[in-house]
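Residue numbers (the numbering used here): 12 to 142.
1. Let's test the definition: count the other Cβ atoms within 10 Å of the Cβ of residue 19 and tell me whether it reaches 16, buried, or not, exposed.
2. Would residue 107 be called buried (16 or more neighbouring beta carbons within 10 Å of its own) or exposed?
3. Hey, quick one: how far does the beta strand (DSSP E) through residue 41 stretch, first residue to last?
4. Pull the bridge partners of residue 48 from the DSSP assignment, please.
5. Measure the alpha-carbon distance for residue 113 versus residue 120 and round it to whole angstroms.
6. Can you name, in chain order, every residue of its own chain whose Cβ lies under 7 Å from the Cβ of residue 60, other than the five neighbours on each side?
7. According to DSSP, simplified to helix, strand and coil, what is residue 54?
8. Determine the extent of the alpha helix (DSSP H) in which residue 15 is found, giving its start and end residues.
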């Protein structure tokens, strides 16, 4: 896999030495498929990976998520520009999917209805006095 042009770099510090993160320009690999490569030189070797998306922006966003995940999985404490313990790569929340949210809500309501039907009689009558 040929790497594309590096468009930005970030140098992070650890007690073990510097870590360089390089992000390459997104490249189109198919009609609706883009790839954004990243190189992470952590002093122990260069880790190469890529993130994909339907367009260049999506592949870049997924690349940033991949970098953040890689750095969070590493046990070392990273520092960026004297911000101790923070690597400087932003958290990018996942997209909201309204259709998924509606389906999740519907499933939750169905589970609640089923659990109410299965409640033991003693629970249903709790608080009621015999009369």
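All residues carry an ideal CB built from backbone N, CA and C; glycine is no exception.
So, to answer that:
1. Your numbering for residue 19 matches position 8 in the chain shown. Exposed.
2. Within the chain shown, residue 107 is the residue found at index 96, counting from 1. It is exposed - the Cβ of residue 107 has fewer than 16 other Cβ atoms within 10 Å.
3. Taking the first residue of the chain shown as 1, we reach residue 41 at position 30. Boundaries of the beta strand (DSSP E) harbouring residue 41: 38-41, taken from the DSSP string.
4. Walking along the chain shown from the start, residue 48 turns up at place 37. In the DSSP assignment, the residues bridged to residue 48 are 61.
5. Position 102 of the chain shown, counted from the start, is the residue given in the question as residue 113. Position 109 of the chain shown, counted from the start, is the residue given in the question as residue 120. Straight-line spacing of the CA atoms in residue 113 and residue 120 works out to 11 Å.
6. The sequence position of residue 60 within the chain shown is 49, counting from 1. Excluding sequence neighbours, residue 60 sits near 49, 77.
7. Position 43 of the chain shown, counted from the start, is the residue given in the question as residue 54. If DSSP states are grouped into helix, strand and coil, residue 54 belongs with coil.
8. As a working mapping, residue 15 is identified with position 4 in the chain shown. Where residue 15 is concerned, there is no enclosing alpha helix (DSSP H), given that its DSSP letter is neither H nor E.
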